[in-house]
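Following my numbering, the numbering of the sequence shown begins with 47 at its first residue and continues without gaps. Let me begin by presenting the structure, written as structure tokens, before commenting on it.
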Amino acid sequence: MAEPHATEPGRLEIDRAPRHRATLVASERLTPPDSPEEVRELILAVDATVLPHHPGQSVAVFVPGPHLHGSRELVRLYTVADLPGMSGDAPRLRLCVRRCSWLDPHTGERHPGVASNWLCDLPEGTQLEIAGPLGEPFPVPDDSGADLVLVGLGTGIAPFRALLRQLHERQPDRSGRVRLFYGARSGLELLYLNDWRDDVAQYLDEDTWRAVEALSPRPAWDEPADLEGALAAHEAELGELLRAPDTHVYLAGLARVREAFDAACARILGSQERWARRHAELVAGGRWHEVVY
């Protein structure tokens, strides 16, 4: 399989990016209060004249230490979850942050994730340091008749939120199909696509704009979303889209997004070799875009 067209920014790119001071002006929980998953939207006012960014790009957040092994700061990347805007007179950034934990493989103890918990617990008015924007953006095809396949899990919907808004603004009369395959453990965690907050859904109520939800078959057992099953349920249309000469594919989120999509596409096209050739054609044609980590 060919190398990804876009990957998560590396440390060298982060070190070279300009640093900015930012102030947390709002922190809002996106998941409902009764959901076991906590995901928050953070709005940052950035101390800069302008901070242009595009769908698919990230910013690095520097968590002050000291940390384990004496490191002065911890760096984590978060995808920007909206188009550029202003918070007062300052450029505004929206980040989507899930409160995470990790399991120690030696002791079996569960520990809170340092960066995510620090960000989720930040009081409004706190100043922090960021760098960016980083990474290759998700481009909007010039042809409004081009079909788009968007695939993500969990907070991987953040760049698609920005991309869908950009499409809606730039191409309000587009005729190409937009298919969003998006998954979470349960309907409560379908960020921006649930009853709690459905601002993405406003773009997906037309014949050409549709979303397919991929939920976990057993969320109480902590099983992941069945993304491959959702793709298989729509394999006829997905096969048509994959074979079309103008389709663009966008992937965002954890590596298992790419794994599930690869497996589904190989099955739909008849073999891993056929999918590898088609994937290479998408990459060569500039129609494959991913931010996978």
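Think of the CB as a built atom: it goes at the ideal place given N, C-alpha and C, for glycine as much as any other residue.
- Under the rule that a run must span 4 or more residues, the alpha helix (DSSP H) segments found entirely inside the region 137-173 read 160-167.
- Short of 7 Å from the beta carbon of residue 160, and not among the five residues preceding or following it, lie these beta carbons of its own chain, in chain order: 109, 113 and 120.
- Check the Cα spacing between residue 103 and each of 128, 86 and 90: the tightest is with 128.
- Note on residue 219: under 16 other CB atoms within 10 angstroms of its CB, so exposed under the neighbour-count rule.
- Your pair residue 300 and residue 199 checks out as a contact, with CB atoms roughly 6 Å apart and the cut at 8 Å.
- When secondary structure is reduced to three states using DSSP, residue 198 falls in the strand class.
- Residue 294 has 194 as its beta-bridge partners, per DSSP.
- In this structure, residue 68 places its C-beta atom within 7 Å of the C-beta atom of residue 90.
- Assignment of residue 66 by DSSP, reduced to helix, strand and coil, places it in the strand class.
- Residue 182 sits in coil when the DSSP states are folded into three classes, being neither helix nor strand.
- Closest by C-alpha distance to residue 107, out of 142, 191, 273 and 101, is 142.
- In this structure, DSSP gives residue 274 a helical state, which the three-state scheme calls helix.
- Residue nearest to residue 272 within the set 190, 303 and 222 is 303 (criterion: CA-CA distance).
- Between residue 186 and residue 295, the C-beta spacing is not below 7 Å.
- In the structure shown, residue 110 falls within a strand segment according to DSSP collapsed to helix, strand and coil.
- Taking residue 92 as reference, the option from 276, 172, 193 and 202 with the minimal CA-CA separation is 172.
- Per DSSP, residue 89 is not a residue of any alpha helix (DSSP H); the beta strand (DSSP E) it occupies stretches across 85-92.
- Secondary-structure assignment with DSSP links residue 224 through a beta bridge to 194 and 255.
- Nearest to residue 228 by alpha-carbon distance, out of 88, 204 and 211, is 204.
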